[in-house]
Each structure stands twice: as structure tokens, then as C-alpha cells.
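Novice: If you read the sequence shown in the numbering used here, its first letter stands for residue 22, the second for the next number, and so on.
Using N, Cα and C, we set each Cβ at its ideal position, and we do this for glycine too.
None of these values were measured; they are calculated from a predicted model.
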Amino acid sequence: MTRRTPLSRERVIAGAGAVADRAGVDAVSMRSVAKVLGVEAMSLYHHVPNKEALLDDLVDWVFEMIELPEVGDTWREGLTRRARSARSILTAHPWALGMMVRTNPGPALLQHHDRLLGVLMAEGFSAALATHAFSAIDAYVYGFALTETTLPFEPGEGAEEAFASQVAASAELYPHIARSRAELFGDAGYAFGDEFDYGLELLLEGLERRVAEESPAPRER
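1. Note the first and the last residue of the continuous alpha helix (DSSP H) segment covering H114.
2. How big is the Cα-Cα spacing for L167 and F155?
3. Whose C-beta lies closer than 7 Å to the C-beta of A149 among residues of the same chain, with five residues either side of it excluded?
4. Check whether the Cβ atoms of R103 and E85 lie closer than 8 Å to each other.
5. Considering Cα atoms alone, identify which of L221, G38, R136 is closest to A113.
6. Helix, strand or coil for E216, going by three-state DSSP, please let me know.
7. Buried or exposed: M51, going by 16 or more other Cβ atoms within 10 Å of its Cβ?
8. If you drop the 5 nearest sequence neighbours on each side, which residues of the same chain put their C-beta closer than 6 Å to that of H68?
9. Looking at the unbroken alpha helix (DSSP H) that takes in V40, where does it start and where does it end?
10. For Y211, which three-state DSSP category applies?
11. Could you tell me whether the Cβ atoms of L158 and L111 are closer together than 8 Å?
12. Just to confirm, are V232 and F146 a CB contact at a threshold of 8 Å?
13. Is the beta carbon of A62 sitting closer than 8 Å to the one on A55?
14. Please name the residue in D42, D215, M120, V60 whose C-alpha comes closest to that of T26.
15. Just the C-alpha distance for Y211 and L205, rounded to the nearest angstrom, thanks.
16. What's the C-alpha gap between F217 and A74?
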């Protein structure tokens, strides 16, 4: 006789994640999660009080998967690693994009924010600039992931090239797009996903200039 894995808060949250991955976050309910786990819906209430609490936990579940800066990282290394990780997680779980801010943040979300602010402030960022940096990078990462997950083609399908050929047919109407197409879709080809690191570097370079402006000049001896 196969022994059933005991139900736990962690299993309930993972079950909710499985439902959201399959059918979107609107499909998450105590009933749908119970069905995935092969239990009665009422048994879930021993581990989560209600659906709203489950959704809060689901956001924490996402934040737990995003890689945080390590002790000893420079702020640029830490933010780059975290941004790439967040993009990867959010494109794998696109339903999470609309849930990243909750009225009842969980410990993983709070720890995540605290660590990032701490890394920045430890390297000369004021609290204000650290908050600006955090907000700008999150807006970029979330926006890029949203665009990437809603494009009407998959990387490598050749649709990017098909789009380019359509634009080429309208070069007289859209000369600047045609010029961009000619330069981008050269021998090396073009992939939208490659834009992520380039845009991230632009943000980081701007922040590097700002934090240098904030740092006091060294005193002459």
C-alpha cells in the first residue's frame, strides 16, 4: 500500500502554483488546489486560512525562487544576478507579474526587499537612491518579462524574421523601421531576448553615475 504524502502548508502553496501555471492565477481556489493535491478542499483550511492568504503565500513562493545578492557581491554584480533570475522566474510563471505587490507581504518578499536595499546602502547609496534604483530595475524587469511572455512568437521560430520581411515591404512608409530592420537583422540575426542585458546595463551605468555623485569626495591630506 502506497503511503500518501502528508499535507502541509508547503504542499498547498506548491499546488496553488501548479494550478496557476496551468490555468492562470484566476483559476486558483481552495477547490482547484485540493483537486491537484488529491484531497478534500476542507483539509486545506488546516494549513491556510482562506484564498487571499493562499495568494499572499503564492507571491512569497515566487520571491523565494528569485536569486538574491550574496555577501561580498558588488552592488552591480548583485543587481545583475537578481535581475536575470527574476526575469527567468517571471517568464516561467507569467501569472505572477500582476501579483508582485500585495497588501499583506510575506517574509520572503520582505527579506528580498531588505537584502537588496542593504546591498545598495552598504555601497554608498542613500536610502532615497537605493529605493529609486530598486523601483527602476523592478519596473524594467517586470515590463520586459511581460513583453517577452506576450510576444506573438517563440524565440527561434523565425517569426522575428517574418516580421522583418513584412516591414521591408513598407520601407517607403516606414523608412526608419526599415533602416533598423536592415541593421538588426544582419548576418548575426536578431532575438528580442538579447535586449534584456543591454537595457539592464544602461540602467546600471546610470545608477553608477548617480551614486558617484552622491559619494563625498575624498579629503586631501
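Specialist: Checking against the coordinates, here is how it stands:
1. Reading the sequence shown from its first residue, position 93 is the one you call residue 114. First-last for H114: undefined, no H or E at that position.
2. Looking up residue 167 in the sequence shown gives position 146. Looking up residue 155 in the sequence shown gives position 134. Taking the straight line joining both Cα atoms gives about 18 Å.
3. In the sequence shown, residue 149 corresponds to position 128, counting from 1. Contacts found: none.
4. Taking the first residue of the sequence shown as position 1, residue 103 is located at position 82. Taking the first residue of the sequence shown as position 1, residue 85 is located at position 64. No; because the gap between Cβ atoms is not below 8 Å, this pair is not in contact.
5. Residue mapping note: residue 113 aligns to position 92 of the sequence shown, counting from 1. Ranked by how close their Cα comes to the Cα of A113, the residues L221, G38, R136 have G38 in first place.
6. Position 195 of the sequence shown, counted from the start, is the residue given in the question as residue 216. It is helical.
7. For the purposes of this step, residue 51 is taken as the residue at position 30 of the sequence shown. So M51 counts as buried.
8. Residue 68 sits at position 47 when you count from the first residue of the sequence shown. Only R30, V33 meet the Cβ criterion.
9. Taking the sequence shown and counting its residues from 1, the one referred to as residue 40 is at position 19. Run containing V40: 30-44, per the alpha helix (DSSP H) assignment.
10. On the sequence shown, residue 211 is found 190 positions in, with the first residue counted as 1. Here Y211 sits in coil by DSSP.
11. On the sequence shown, position 137 is the one that residue 158 refers to. On the sequence shown, position 90 is the one that residue 111 refers to. Leu is not the amino acid found at residue 158; the sequence shown has Ile there. Their beta carbons are not under 8 Å apart, which means I158 does not touch L111 by this criterion.
12. As a position in the sequence shown, residue 232 is number 211, starting the count at 1. As a position in the sequence shown, residue 146 is number 125, starting the count at 1. Yes, Cβ-Cβ distance for V232 and F146 is below 8 Å.
13. Position 41 of the sequence shown, counting from 1, holds the residue named residue 62. Position 34 of the sequence shown, counting from 1, holds the residue named residue 55. Cβ atoms of A62 and A55: closer than 8 Å.
14. On the sequence shown, position 5 is the one that residue 26 refers to. Closest option to T26, Cα to Cα, is V60.
15. Along the sequence shown, one-based indexing puts residue 211 at 190. Along the sequence shown, one-based indexing puts residue 205 at 184. Each residue's alpha carbon lies about 6 Å from the other.
16. Looking up residue 217 in the sequence shown gives position 196. Looking up residue 74 in the sequence shown gives position 53. Whole-angstrom Cα-Cα distance: 33 Å.
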